[in-house]
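The end of the sequence shown is residue 419 by the working numbering, with every number in the run present.
Glycine included, every Cβ here is placed at the ideal spot set by N, Cα and C.
The structure under discussion appears below in the form of structure tokens.
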Amino acid sequence: MTGPALGRPLDAYGTSRVSRLRPATHLLAHADLHNHTWLSDGAGDPELAFSSMRRAGLDVAALTDHAVFAAGVDDVWDLPWVTRLSGIDREAWARLGRLADAADDPGRFVAIRGFEWSHPLLGHVNVWGTETFVDPFRTFDTDLSRFYDWLARTGDGAAGRGLASFNHPGGRGNLLVFAGFELHPAVVGQMAGLEVFNKRLDYLYEGVEGGDPSPLVRCLDQGWRPGLIGVSDEHGTDWGLPDGKGRTGLYVTGLSRAAVRTALADRQVFATRLRGLRLDATLDGHPMGGAVRLPGPARVRVEVDVDRGEPWRGRPLSLQLLTSGERMPAVVAAGEFAVPGPDDPLPAVEVEVDPARTPWLVLRVSDPAEPADSRATGPWVPWGSAVAYASPWWLEAG
């Protein structure tokens with residue numbers, strides 16, 4: 022771990038970067054991987070975005086302006102009403118690359134260029150780490166198969182291929198919810214993220230009132246294996262500054278683009294809306310975001326590490342272990358705990374699971390002192406507002 026940013030034991034918010042559940046070679050970095058400027062439909066000057074996010078205390082930031090139909094154009098008219106409709110063109114893509122390269126400061130701050138593939142019905146997908154970009158106009162189909170085929174061809178091998186995320190699932194521009202999250206096996210490894218927090222919204226509940234399954238259930242039950250992320254999806258001019266908007270925690274071995282890519286690819290990520298929060302979890306010692314093989318029905322132990330600095334020590338929180346359900350996830354275990362101090366035992370819960378019936382588990386942490394989402398019903402109401410989601414464990418028999 023190099024550079025002063027991750028070399029300090031505390032982050033910009035006073036939280037320890039060291040998880041009590043993993044080696045100190047992997048430290049917490051705070052990220053916002055979804056932001057816009059007036060190069061598409063944002064309000065802010067792209068020249069100012071990365072510096073704003075760095076000043077706000079983020080360690081990792083991405084600009085991901087919309088790609089709509091101008092990927093084959095060198096330079097559309099430089100007018101906001103045009104770029105709002107067209108998204109980025111080739112010159113804007115090159116400019117984003119120059120800005121990211123200028124802001125990238127290995128060991129201190131990671132700046133990433135990306136784009137948001139933006140279909141008005143099928144959905145929006147962020148892509149990071151590619152040399153080129155594409156838009157729905159050039160990958161038009163009744164599903165996402167042509168886009169997924171393009172994604173699979175990016176890079177010069179598995180280590181260099183682009184990574185992507187399902188954005189605001191079931192929300193705006195997503196009437197068809199990624200064609201029902203239809204599985205495309207060739208890119209399961211590259212679809213590294215599912216936004217469970219976007220802006221201030223908790224997408225666990227999206228569409229449920231209308232009778233649809235929760236996007237979390239729908240995505241994971243289809244066989245996708247994303248990490249769970251939070252993003253600000255900032256369209257204003259105060260990138261990184263507002264509290265209460267989505268952000269992502271990454272466990273990285275250094276502040277570099279390669280280390281960030283590894284954390285995303287390995288699903289060593291969690292989603293939150295709180296600045297300075299640390300969350301980590303293991304299932305029988307297996308880190309979040311991975312597969313766990315069980316011989317059959319078994320009793321497993323989930324340990325939880327959560328911290329937000331001294332003011333949160335002793336704060337009462339709730340936890341829920343979620344798995345596949347009809348609309349909302351089924352809750353296989355729930356409990357209360359107090360945020361531990363550095364020398365206190367970690368919270369833990371044990372539960373019986375059968376990989377044949379429980380294909381995945383997700384840890385959700387909530388604050389019963391904060392009002393639940395207005396769409397919450399039943400036990401979700403007293404559990405309060407979601408604090409964070411850990412990336413899933415996928416349970417496999419054998």
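Between the CA atoms of residue j and residue i - distance to the nearest angstrom
{"i": "Pro-236", "j": "Glu-230", "result": "12 Å"}
{"i": "Glu-137", "j": "Asp-86", "result": "6 Å"}
{"i": "Ser-40", "j": "Arg-159", "result": "44 Å"}
{"i": "Phe-168", "j": "Asp-254", "result": "21 Å"}
{"i": "Arg-38", "j": "Gln-289", "result": "14 Å"}
{"i": "Gly-306", "j": "Val-374", "result": "16 Å"}
{"i": "Val-383", "j": "Ala-354", "result": "11 Å"}
{"i": "Asp-328", "j": "Ala-409", "result": "11 Å"}
{"i": "Arg-336", "j": "Asp-394", "result": "20 Å"}
{"i": "Leu-222", "j": "Gly-317", "result": "37 Å"}
{"i": "Val-252", "j": "Arg-296", "result": "12 Å"}
{"i": "Ser-339", "j": "Val-386", "result": "6 Å"}
{"i": "Ala-179", "j": "Ala-286", "result": "Caution is warranted here: a pLDDT of 44 is assigned to Ala-179, below 50, making its placement in the model unreliable, and the coordinate value is therefore given only provisionally. Their Cα atoms are separated by approximately 10 Å."}
{"i": "Ala-411", "j": "Pro-368", "result": "15 Å"}
{"i": "Met-22", "j": "Thr-46", "result": "Model confidence at Met-22 stands at a pLDDT of 39, short of 50, so the residue's coordinates are unreliable and nothing is read from them."}
Where the beta strand (DSSP E) through residue i begins and ends
{"i": "Trp-138", "result": "131-140"}
{"i": "Val-370", "result": "369-374"}
{"i": "Asp-53", "result": "48-53"}
{"i": "Arg-314", "result": "312-315"}
Three-state secondary structure assigned by DSSP to residue i
{"i": "Leu-117", "result": "helix"}
{"i": "Pro-25", "result": "Only weak support is given to the placement of Pro-25: the predicted model assigns it a pLDDT of 42, under 50, and the value that follows is read from those uncertain coordinates. In this structure, Pro-25 counts as helix in the three-state DSSP scheme."}
{"i": "Leu-300", "result": "strand"}
{"i": "Ser-395", "result": "coil"}
{"i": "Trp-171", "result": "helix"}
{"i": "Val-208", "result": "helix"}
{"i": "Arg-111", "result": "helix"}
{"i": "Glu-152", "result": "coil"}
{"i": "Arg-294", "result": "coil"}
{"i": "Ala-124", "result": "helix"}
{"i": "Glu-331", "result": "helix"}
{"i": "Pro-403", "result": "helix"}
{"i": "Ser-166", "result": "helix"}
{"i": "Ala-409", "result": "strand"}
{"i": "Ala-200", "result": "helix"}
{"i": "Gly-362", "result": "coil"}
{"i": "Ala-180", "result": "Residue placement at Ala-180 cannot be trusted, given a pLDDT of 46 that sits under 50; the coordinates are not used to answer."}
{"i": "Thr-85", "result": "strand"}
{"i": "Ala-377", "result": "coil"}
Within 8 Å, strictly: CB atoms of residue i and residue j
{"i": "Gly-191", "j": "Asp-233", "result": "yes"}
{"i": "Ala-213", "j": "Leu-184", "result": "yes"}
{"i": "Gly-128", "j": "Gly-261", "result": "no"}
{"i": "Thr-283", "j": "Gly-65", "result": "no"}
{"i": "Ala-52", "j": "Leu-271", "result": "yes"}
{"i": "Leu-165", "j": "Phe-199", "result": "yes"}
{"i": "Leu-196", "j": "Leu-117", "result": "no"}
{"i": "Phe-90", "j": "Asp-156", "result": "yes"}
{"i": "Gly-267", "j": "Arg-294", "result": "yes"}
{"i": "Ile-250", "j": "Leu-54", "result": "yes"}
{"i": "Ala-88", "j": "Ser-139", "result": "yes"}
Start and end residues, alpha helix (DSSP H) containing residue i
{"i": "Arg-76", "result": "67-76"}
{"i": "Leu-285", "result": "278-286"}
{"i": "Phe-90", "result": "Per DSSP, Phe-90 belongs to no alpha helix (DSSP H) and is neither H nor E."}
{"i": "Phe-161", "result": "Looking at the DSSP string, Phe-161 is not in any alpha helix (DSSP H), and its letter there is neither H nor E."}
{"i": "Gly-356", "result": "No alpha helix (DSSP H) contains Gly-356, which is instead part of the beta strand (DSSP E) from 351-359."}
{"i": "Val-386", "result": "Taken as a continuous stretch (DSSP letters only), Val-386 belongs to no alpha helix (DSSP H), being part of the beta strand (DSSP E) at 381-388."}
Interface flag, residue i vs chain C, CB-CB below 8 Å
{"i": "Asp-162", "result": "The structure shown contains no chain C; it holds only a single protein chain."}
- Minimum length 3: unbroken beta strand (DSSP E) runs contained in the segment 210-285: 212-219, 248-252 and 268-273
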